[in-house]
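Report on the structure given below.
Numbering (my numbering), first residue to last: -12 to 37.
Structure below.
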């Protein structure tokens, strides 16, 4: 049953992407919180990143 293998892989990939999205969302939330605490410093960091 070759389909089963594909399903397993798809589930794994979906789980990984979901985990990454959740981590990214949390990181973004933390960054926003930090910016709220110290807006000037955070703004400077953002500009130096580009």
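Where is the CB? At the ideal position from N, CA and C, for every residue including glycine.
Under the three-state DSSP convention, the category residue 7 falls into: Helix, per DSSP.
Residue 22 - DSSP class collapsed to helix/strand/coil: Residue 22 carries a helical assignment under DSSP once its states are collapsed to helix, strand and coil.
Taking 7 Å as the threshold (beta carbon to beta carbon), is residue 4 in contact with chain B? Here chain B cannot be found, since the structure has a single protein chain.
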